[in-house]
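For reference, the structure is listed below as structure tokens.
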Amino acid sequence: MMTTPYGLCVLLIITIPAHITAFKDGAPDSVCDSMTPEHHSTPQTKPSPYTITPSKLKIKAGESLQVTLSGTDNTKFRGYFIQARVGNTPIGKFEKGPEINLVNCGSGVGSAATHTDNKDKNSITLKWTAPEGLTESVRFR
């Protein structure tokens, strides 16, 4: 009978890479509906330490505005995923930038935005354009 030395078993266990799901280049389109990160951790139940601040509260169809994501009390963040929605439908279009990747959710092109790296951020400002024919209230989330 052949036996495997104990040291070799330990070495194999240590060198087998663990499967970790992280998206340093941005969230995948599979999170479009739920908007839940696929980090395999328990969601927090406390109030969010982050704010979403639009540059204006009223917008007409086809107009653009700036949306700033920031941490309260200097709370930093590494990743983000944001959509503008009417009900549960993502609408409008974000503009790509050096720290902004676009995600196509539903039939919308660039209807969501996400991070490009996993570096600490204090805030990020995105440009969003309302769709033509917009008549409803929009909610950023």
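Residue numbers for the sequence shown, in mature numbering (1 follows the signal peptide of the UniProt record, and there is no 0): -22 to -1, 1 to 119. Think of the CB as a built atom: it goes at the ideal place given N, C-alpha and C, for glycine as much as any other residue. Keep in mind it's a predicted model, so treat the numbers as computed, not measured.
In this structure, the straight-line span from the alpha carbon of Ile69 to that of Gly75 is close to 19 Å. Judged by their CB atoms, Phe72 and Gly88 are nearer to each other than the 9 Å cut-off.
Considering only Lys105, Glu110, Lys99, the residue with the shortest C-alpha distance to Lys34 is Lys105. For Gly49, the enclosing beta strand (DSSP E) has its first and last residue at 42 to 49.
Comparing alpha carbon positions, the residue from Thr31, Asp95, Lys24, Asp51 closest to Val45 is Thr31.
Runs of alpha helix (DSSP H) with 4 or more residues, each lying fully within the segment 81 to 111, are absent.
According to the DSSP secondary-structure assignment, Arg63 is paired through a beta bridge with Pro68, Arg117. Inter-residue distance for Asp98 and Asn52 is about 11 Å (C-alpha atoms, whole angstroms). Excluding its 5 nearest sequence neighbours in each direction, Gly86 has C-beta neighbours in its own chain below 6 Å: Pro68, listed in chain order. Non-local beta-carbon contacts of Leu112 in its own chain, meaning distances under 6 Å to residues more than five positions away in sequence, involve Ala39 in chain order.
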